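Below is one structure, written out as structure tokens; the observations come after it.
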Amino acid sequence: MNKAQEVMSGAESELGHLSNALASPAQLEHSSSSLDGVPEELERSVRYAGVRLTQAAGVLLQLPQDVIAQAIVVFTRFWVGPEGGSLAVYSAKDVSAVALYMTAKLSFYPVSPRSVLNVYTYLLSPTASPLPFVNPEGAPEHPEPESYYLSEGSYQIERQNLMKTESAVLRTASFHTRVVLPHTIALTYLQTLKVSSSSVAARTFAHLNAALFSPQILYLTHQPNALAVAAIYLAAREQGVKIVDSEWWEVFDVDREELGFLVVAMRSMDGFARAEHEYWKGKVVPLTVGCVEREASRQHLQQLKENTTEQSRQTDAFQEELPKGVLRSRLKTLVNYLDKAGLAANRPASRHPKSHQRPMYDKEMTTNLSSSKQL
């Protein structure tokens with residue numbers, strides 16, 4: 001191997017450390033949840049609520065944001081593809097707890113199972129939780145400790161469930177838990193571009209954190225360098241900071257088409273979050289298997305009812321728009337046609353055309369039948 005080949009090999013190795021395993025088009029087309037009958041909109045809402053739950057639990061556990069972000073990516077990755085986990089089999093709350101516990105265990109900030117389960121018991125309490133998608137009425141100023149107390153017996157049961165779910169997550173991910181985040185890459189790019197504005201850096205990190213909640217699962221469809229470039233571009237536009245005149249993003253191996261898609265996706269996060277808030281306002285997002293099944297059944301029945309109502313409305317609208325004279329003329333034409341065909345009500349015809357009618361019994365057959373009866 002000559003010197004040039006060694007340099008190229010080293011560069012590819014360095015780039016490999018800065019990339020993630022992305023979801024394939026086949027994995028993005030169908031998920032295991034959709035194959036099990038979970039509506040796409042419901043799956044998106046549950047996944048979004050699970051990411052918010054993971055973020056809140058990580059904050060209460062005092063974990064760094066990079067550990068929380070890695071846990072969110074692991075949580076999101078579990079549901080992708082037909083071979084992934086299904087909301088009809090695994091509870092989103094359990095997978096969220098496992099992703100956070102497993103990611104922290106592999107970092108410099110490990111947490112015990114008891115700490116994780118205590119935090120999730122509090123966040124999932126229907127009366128004490130501060131999360132609006134768990135407790136729509138809002139948590140009281142001083143909630144009762146009994147409402148989120150985890151007894152020793154319950155802890156042992158939840159701990160076994162935690163370990164069982166961890167095995168499923170590892171098996172589904174083929175024990176691949178490595179996640180490369182774009183935050184440090186974005187910081188390096190800002191220094192390379194000589195952007196010293198602290199507001200641009202803050203907005204860049206804000207967009208990268210918000211992209212973790214994206215329904216387009218951007219962290220599973222685009223490499224970290226592309227996410228970093230898109231966040232910098234959007235932050236600079238928002239703050240009115242001009243970077244360079246040339247197409248600087250191509251230097252970081254990002255083309256214009258990918259940059260445009262990511263910028264639009266990041267800018268749409270506010271609208272998506274507002275829509276989710278309005279839809280689930282006053283309601284509890286299902287985070288367990290049983291709750292997901294009940295909500296899926298309710299949505300299926302509601303959709304069926306809406307389709308029936310729409311068909312009835314279209315029929316009524318058609319009859320109202322059709323003039324009575326035209327309707328009477330068409331009915332008269334139909335009656336004349338049926339009358340000629342022998343199908344009118346006052347002239348019933350045979351079910352079979354004359355050419356296909358069954359032959360009548362002849363006299364010889366009738367005689368044979370009569371003689372057989374006498375015998």
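The opening residue of the sequence shown carries number 1 in UniProt numbering; numbering runs sequentially from there.
Beta carbons are placed, not taken as given, at the ideal position from N, Cα and C, and that holds for glycine.
Bear in mind that the values here come from a model prediction, so they are computed numbers and not experimental data.
*If we call anything under 8 Å between Cβ atoms a contact, is G58 one with L100?*
The beta carbons of G58 and L100 sit closer together than 8 Å.
_Determine, for A228, whether the minimum Cβ-Cβ distance to residues of chain D falls below 8 Å._
Looking for chain D here will not work: only one protein chain is present.
*Uninterrupted alpha helix (DSSP H) stretches inside the region 14–74 (no shorter than 4 residues)*: The qualifying runs are 25–29, 32–35 and 40–60.
*Comparing alpha-carbon positions, which option in T165, L338 and L63 lies nearest S96?*
Proximity to S96 across T165, L338 and L63 peaks at T165, based on C-alpha coordinates.
*Kindly confirm or deny that the region 18–32 and the region 180–197 touch, where touching means at least three C-beta pairs closer than 8 Å.*
With a cut-off of 8 Å, the region 180–197 and the region 18–32 count as touching, because enough Cβ pairs lie within range.
*Note down, in chain order, each residue of its chain lying with its Cβ closer than 6 Å to the Cβ of R274, except the 5 sequence neighbours on either side.*
Once the five neighbours on either side are set aside, R274 has no close Cβ partner at all.
*Taking the Cβ atom as the reference point for each residue, do P136 and V284 lie within a distance shorter than 8 Å?*
In terms of Cβ geometry, P136 and V284 form a close pair [threshold 8 Å].
*Would you tell me roughly how many angstroms separate the C-alpha atoms of A104 and D245, rounded to the nearest one?*
Across the structure, A104 and D245 are spaced so that their CA atoms are roughly 42 Å apart.
*For the candidate residues M102, Q216 and A235, whose alpha-carbon lies nearest to that of P25?*
The shortest C-alpha separation from P25 is found at Q216.
*Which word fits I157, buried or exposed, when buried means at least 16 other C-beta atoms lie within 10 angstroms of its C-beta?*
Label assigned to I157: exposed.
_In whole angstroms, give me the CA-to-CA distance for A349 and S329._
Residue placement at A349 is flagged as unreliable, the pLDDT there being 45, under the threshold of 50; the coordinate-derived value follows with that caveat. Straight-line Cα distance between these residues: approximately 24 Å.
*asked:* Within 8 Å, do at least three Cβ pairs link the region 75–91 to the region 112–122?
replied: At 8 Å Cβ cutoff, the stretches do not touch.
*Verify whether the separation of the beta carbon atoms of W248 and L193 is less than 8 Å.*
Contact: yes.
*Spatial neighbours of T76 within its chain, please: CB distance less than 6 Å, with the 5 preceding and 5 following residues excluded, ordered by chain position.*
Taking C-beta separations shorter than 6 Å and ignoring five residues to either side along the sequence, the partners of T76 in its chain run I217, following chain order.
*Specify, as a first and last residue, the run of the alpha helix (DSSP H) that N135 falls within.*
Annotation: N135 is outside any alpha helix (DSSP H) and is labelled neither H nor E by DSSP.
*asked:* On a Cα-Cα basis, can you pick out the residue from F78, D66 and L61 that is closest to S32?
replied: When each option's Cα is compared against that of S32, the closest is F78.
_A226 versus E238 - alpha carbon distance_ = When only Cα atoms are considered, A226 and E238 end up about 18 Å apart.
_Runs of alpha helix (DSSP H) lying entirely within the region 123–179, each at least 4 residues, in chain order_ = Taking only runs of at least 4 residues, the alpha helix (DSSP H) segments lying wholly in the region 123–179 are 152–172.
_Cβ separation of A236 and I243, assumed to be a contact under 8 Å, to the nearest whole Å_ = That belief holds up - the Cβ atoms of A236 and I243 are roughly 6 Å apart, short of 8 Å.
*Which of helix, strand or coil DSSP assigns to A99*: Helix, per DSSP.
*asked:* Please state whether the Cβ-Cβ distance between V98 and V38 is less than 8 Å.
replied: Result no, Cβ atoms of V98 and V38 do not sit closer than 8 Å.
*Measure the alpha-carbon distance for A201 versus V74 and round it to whole angstroms.*
So the alpha carbons of these two residues sit roughly 26 Å apart.
*Assuming V292 contacts V46 (C-beta within less than 8 Å), just tell me the rounded distance between them.*
Right, their Cβ atoms sit about 6 Å apart.
*asked:* Among the candidates S174, E306 and L259, whose CA atom is the shortest distance from the CA of V229?
replied: Closest option to V229, Cα to Cα, is L259.
*Is it right to say R256 is buried, meaning 16 or more other beta carbons lie within 10 angstroms of its own, or is it exposed?*
Answer is exposed; the Cβ neighbour count stays below 16.
*What first and last residue would you give for the alpha helix (DSSP H) that runs through P215?*
Looking at the DSSP string, P215 is not in any alpha helix (DSSP H), and its letter there is neither H nor E.
_For G81, count the other beta carbons within 10 Å of its own beta carbon; 16 or more makes it buried, fewer makes it exposed. Which is it?_
It is buried - the Cβ of G81 has at least 16 other Cβ atoms within 10 Å.
*Can you have a look at M163 and say buried or exposed, based on whether 16 or more other CB atoms are within 10 angstroms of its CB?*
It is exposed - the Cβ of M163 has fewer than 16 other Cβ atoms within 10 Å.
*Any idea if A11 is buried or exposed, counting beta-carbon neighbours within 10 angstroms, 16 or more meaning buried?*
Because A11 carries a pLDDT of 35, less than 50, the predicted location of this residue cannot be relied on, and no value is offered for it.
*Going straight from the alpha carbon of V241 to that of E278, what length do you get?*
Their backbone Cα atoms lie some 34 Å apart in a straight line.
_Quick check on this structure: which residue in Y122, S268 and E152 has the alpha carbon closest to the alpha carbon of T54?_
Minimum Cα distance to T54 is reached at Y122.
*Of all the options L35, D36 and Y109, which has the alpha carbon lying nearest to the alpha carbon of A71?*
Taking only the C-alpha atoms, the option nearest A71 is Y109.
*Among R159, Y155 and S125, which has the Cα closest to the Cα of residue 460?*
Any property of residue 460 remains undetermined from this structure, which presents the chain solely from 1 to 375.
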